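In the numbering used here, the protein residues as written are 291 to 540.
Since the structure comes first, as structure tokens, the remarks are kept for the end.
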Amino acid sequence: MVARTDQTTDPDLQEQLLQARRGTAFFARKLNELTDAGLDADSLLPGWTRRHIVSHIGYNARAIARLVEWAATGIETPMYPSPEARDHEITFGATLSPTALRNLFDHSAVHLNVEWRDLPADAWHHKVRTIQGRVVPATETVWMRTREVWIHAVDLNSGATFHDIPTPVLEHLLHDITGAWKTRGTDHGLLITTTSTDLTLGDTTTDNPTVITGSLPAVAQWAAGRGHTCVTATQDGTPLAEVPAAPKWI
Ligand code: ZN
């Protein structure tokens with residue numbers, strides 16, 4: 291008999307699953323607000339229409355579901371055969387009919403949710419490998435999906451903003467991004483502070499760093515490479531004429 295509730299009883303993980311499910315519901319709402327013709331319009335991502343975003347989010351759910359299946363069975367099933375195959379799949383998906391595109395999103399989201407729900411409690415710690423080559427426990431798939439649905443709901447360019455993203459998700463995102471910079475050594479001289487929370491991240495060791503400040507949503511938006519609206523940059527207390535672009539993170 292198939293379970294109707296999550297197998298995991300870990301409260302932290304259950305909370306994370308909730309954020310992923312809320313993000314998926316939010317993305318679904320933004321997608322449903324768009325007409326079929328509206329799918330053809332530009333997204334906020336250069337070179338991508340809204341169709342590309344929906345296609346990517348659909349195939350992303352399938353790719354993450356493969357990692358969850360890997361954790362469940364021990365049989366290696368990578369996210370994608372190759373980065374090229376991933377890109378090709380997105381391009382192909384963007385050409386689907388509006389109905390097929392919406393079905394791709396709906397069905398893949400349901401499938402992923404079932405894989406999460408039915409993953410036995412102990413299998414959440416099994417290791418899988420992401421497309422970037424990181425070896426992570428299956429629990430990480432929840433965050434991987436969470437950031438995708440929330441950020442790309444904004445990228446749909448249909449009215450959602452970073453202010454719609456829950457605070458715990460924004461905080462996790464900022465830690466994730468600044469952690470990636472640190473790993474790559476690209477955060478040198480860059481200090482991030484938020485006015486709405488007391489977060490200080492980035493390079494805390496350099497004297498006289500460039501300080502990026504704004505509300506948590508604004509700073510997270512900037513850090514995710516999505517413009518510098520409502521963000522200021524200062525050095526030595528003096529505002530800089532131009533806010534530098536954030537280093538790449540993904
Ligand atoms: Zn993405």
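Built from N, CA and C at the ideal position, the CB exists for glycine as well.
These numbers come from a predicted model, not from an experiment.
Give the straight-line distance between the Cα atoms of residue i and residue j, rounded to the nearest whole angstrom.
{"i": "LEU460", "j": "PRO371", "result": "31 Å"}
{"i": "GLY469", "j": "TRP539", "result": "9 Å"}
{"i": "THR484", "j": "THR490", "result": "7 Å"}
{"i": "VAL404", "j": "ASP377", "result": "26 Å"}
{"i": "LEU307", "j": "LEU324", "result": "26 Å"}
{"i": "VAL533", "j": "LEU335", "result": "20 Å"}
{"i": "THR299", "j": "ASP526", "result": "49 Å"}
Does the beta-carbon of residue i have 16 or more other beta-carbons within 10 angstroms, so that it is buried, or is it exposed?
{"i": "ALA315", "result": "exposed"}
{"i": "PRO373", "result": "exposed"}
{"i": "ASP477", "result": "buried"}
{"i": "MET291", "result": "Low confidence applies to MET291: its pLDDT is 47, below 50, so where it sits in the model is not reliable, and the reading given next is rough at best. Its Cβ having fewer than 16 others within 10 Å, MET291 is exposed."}
{"i": "GLY383", "result": "buried"}
{"i": "VAL400", "result": "exposed"}
Pick out whichever of the options has its Cα sitting closest to the Cα of residue i.
{"i": "LYS320", "options": "LEU481, ASP466 and TRP440", "result": "TRP440"}
{"i": "GLY479", "options": "ALA535, ALA510 and VAL501", "result": "VAL501"}
{"i": "TRP433", "options": "SER505, ALA384, LEU357 and PHE382", "result": "LEU357"}
{"i": "THR487", "options": "TRP338, LEU506, THR496 and MET369", "result": "LEU506"}
{"i": "ALA353", "options": "LEU394, SER387, LYS472 and GLY504", "result": "LEU394"}
{"i": "PRO456", "options": "ALA510, THR429 and ALA523", "result": "ALA510"}
{"i": "ALA535", "options": "ALA514, THR528 and ASP408", "result": "ALA514"}
{"i": "VAL521", "options": "THR528, PRO529, GLY504 and LEU530", "result": "GLY504"}
{"i": "ALA362", "options": "GLY517, SER448, TRP414 and LEU386", "result": "TRP414"}
{"i": "ASP454", "options": "PHE317, ASP302 and PRO301", "result": "PHE317"}
Please find out if some non-hydrogen atom of ligand 2 comes closer than 7 Å to the beta-carbon of residue i.
{"i": "PRO336", "result": "Looking for ligand 2 in the displayed structure turns up nothing; the ligands present are ligand 1."}
With a threshold of 8 Å between beta-carbons, can residue i be considered close to chain C, or not?
{"i": "TRP512", "result": "The chain inventory of the structure shown lacks chain C, comprising one protein chain alone."}
Strictly closer than 6 Å from CB to any heavy atom of ligand 1: give me those residues in the order they appear in the chain. Selection output, chain order preserved: HIS346, GLU438 and HIS442.
Answer yes if the region 300-314 comes into contact with the region 434-450, meaning at least three C-beta pairs across the two stretches below 8 Å, and no otherwise. Cβ pair count under 8 Å is three or more, so yes.
Quick one: any contact between the region 440-455 and the region 328-343, if contact means 3 or more CB pairs under 8 Å? In the pairwise beta carbon analysis, the region 440-455 is classified as touching the region 328-343: at least three pairs are separated by under 8 Å.
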